[in-house]
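Q: Each residue of the sequence shown is one higher than the one before, starting from 58 at the first, in the working numbering. Sharing a structure below in structure tokens format, with a few things to ask.
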Amino acid sequence: MKLVVQVRLLPTPKQAAALEATLRACNDAANFASVTAFTTGDRREYALRKHTYREVKARGLGAQAAQHVIKKVADAYTTLKAGIRAGNLGPQGCARRIRAESKPIAFRADAAQPFDDRCLSWDHTAATVSIWSTTGWLKNVAFIGSPGQLQTLAVCRKGESDLVCRDGMWFLYATCEIPDVPVTAPDGFVGVDLGIANIATTSDGARHCGKGLNAVRHRNRELRRRLQAKATTSAKRLLKKRRREARFAADTNHTIAKRIVAEAERTGRGIALEDLGGIRDRVRLRKPQRVTLHSWSFHQLGSFIAYKAARHGVAVIRVDPAYTSQTCSACGHVDKANRTDQATFSCTSCGFAEHADVNAARNIASRGVAGWAVSHAADDAA
Ligand SMILES: [Zn+2]
58 MKLVVQVRLL
68 PTPKQAAALE
78 ATLRACNDAA
88 NFASVTAFTT
98 GDRREYALRK
108 HTYREVKARG
118 LGAQAAQHVI
128 KKVADAYTTL
138 KAGIRAGNLG
148 PQGCARRIRA
158 ESKPIAFRAD
168 AAQPFDDRCL
178 SWDHTAATVS
188 IWSTTGWLKN
198 VAFIGSPGQL
208 QTLAVCRKGE
218 SDLVCRDGMW
228 FLYATCEIPD
238 VPVTAPDGFV
248 GVDLGIANIA
258 TTSDGARHCG
268 KGLNAVRHRN
278 RELRRRLQAK
288 ATTSAKRLLK
298 KRRREARFAA
308 DTNHTIAKRI
318 VAEAERTGRG
328 IALEDLGGIR
338 DRVRLRKPQR
348 VTLHSWSFHQ
358 LGSFIAYKAA
368 RHGVAVIRVD
378 PAYTSQTCSA
388 CGHVDKANRT
398 DQATFSCTSC
408 GFAEHADVNA
418 ARNIASRGVA
428 GWAVSHAADD
438 AA
């Protein structure tokens, strides 16, 4: 499956000026090639390259950019021809169609330009790209996107990306190829409880407590937005530090996700995750600000797990986490008093005692089993 992932670039003003000049140069060259294609009638890439390559390259475009410009022009004529054939521009002789056929295709100064791996390189952990420009390589141009998209991008990006300027904002549209892995019918579920002291606790009793991650979580809120607006030396230095921290946090989450998915796969089980919308309602996160401080990290871990699971055909189900921390995983008794302190669960009804996070994870696991049975009842009936 192919899909396009969009990320927003956050170039410095100087980098933005270089990108703008690059797009303009590429599209000026495209207009030159388009006129040539129109006047000579050679609209196929190979023929057009013979007529225009030398000139396009001489305009300050490297070999790669020149080839992309010529291909872009050839593709535009192919698309136009297909559109005319499909009747998109009306029947033969109609004004719109005559207008389209009577002059060369024109490219706006900011029209999209494709970049391949020789003129664009991605650093996913740092969330930056290095991109070729007419004034040289622009290094470490920061980019942002949703955690899920960034994850897809990091794993599945393949081929070209289009550089686009929209409303003064810069974007890369990257092509990704997602492999399809059939989901194995799960024999039970590993429940995962997300928390602060222990980042992830499984119903098997494995506690993942990424050391030092909490400090990073606390600092990361909104900082990119604040920092990237400025380009002062101190802001840059701070940004560099934050990127390092974010990279560390992502690495930790990747490691935890990998272990959990590997364990589920090894034992033929699915993974039950808390529905993250529910984090808000969690009893033990008493202070509301904690939710926002940590939610990006919860989301990141959740999306890493979901993504890695999908890649391995491991089933993932999201369950409602309400009262999982107050409910006894042995007898089902729900009572606030079951939770004696932060770390200890002790059932006031049956006496069952367990680490609080492990108890919660066991509840999440059994909700996963129940949820899966409900959502797949139709499959069994069939
Ligand atoms: Zn009990």
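Backbone N, C-alpha and C fix where the C-beta goes; we use that ideal spot for every residue, glycine too. Treat the numbers as computed from the prediction; the structure is a model and nothing was measured.
(1) Need the endpoints of the alpha helix (DSSP H) that H125 sits in, please.
(2) Can H412 be considered in contact with ligand 1, in the sense that its beta carbon sits closer than 7 Å to one or more heavy atoms?
(3) Only counting the same chain, and skipping five residues up and downstream in sequence, which positions put a Cβ closer than 7 Å to that of G327?
(4) Is V340 buried or exposed, if buried means 16 or more other CB atoms sit within 10 Å of its CB?
(5) How many angstroms separate the CA atom of L220 from the CA atom of M226?
(6) DSSP state of G248, grouped into three classes?
(7) For ligand 1, is there a heavy atom less than 7 Å away from the beta-carbon of C407?
(8) Check whether the stretch 66-85 and the stretch 102-112 touch, using three or more Cβ-Cβ pairs below 8 Å as the test.
(9) So what does DSSP say about T79, is it helix, strand or coil?
(10) Ignore the nearest five residues each way along the sequence and tell me which others in T209's own chain have a CB closer than 8 Å to its CB.
(11) Quick test of your reading: Q383 and D377, contact by CB under 8 Å. State the CB separation rounded to the nearest angstrom.
(12) Are the CB atoms of A329 and V249 nearer to each other than 8 Å?
(13) Within the continuous beta strand (DSSP E) that includes I188, where are the two ends?
(14) If the criterion is Cβ atoms closer than 8 Å, does the pair A86 and R116 meet it?
(15) I want to see whether chain D comes within less than 8 Å of C233, judged by CB atoms only; does it?
(16) CB T258 to CB V415, shorter than 8 Å?
(17) Mind reading off the beta-carbon distance from D167 to C222? Whole number of angstroms is fine, and I expect it under 8 Å.
A: In this structure, then:
(1) A120 to R142
(2) no
(3) P243, F246, A321, V371, A372, V373, I374, G425 and W429
(4) Because V340 carries a pLDDT of 40, less than 50, the predicted location of this residue cannot be relied on, and the following value inherits that uncertainty. Classification for V340: exposed.
(5) 11 Å
(6) strand
(7) yes
(8) no
(9) helix
(10) L60, V62, C233, I235 and Y364
(11) The Cβ separation is near 13 Å, so there is no contact.
(12) yes
(13) T185 to I188
(14) yes
(15) As a matter of chain content, chain D is missing from the structure shown, which is built from one protein chain.
(16) yes
(17) 5 Å
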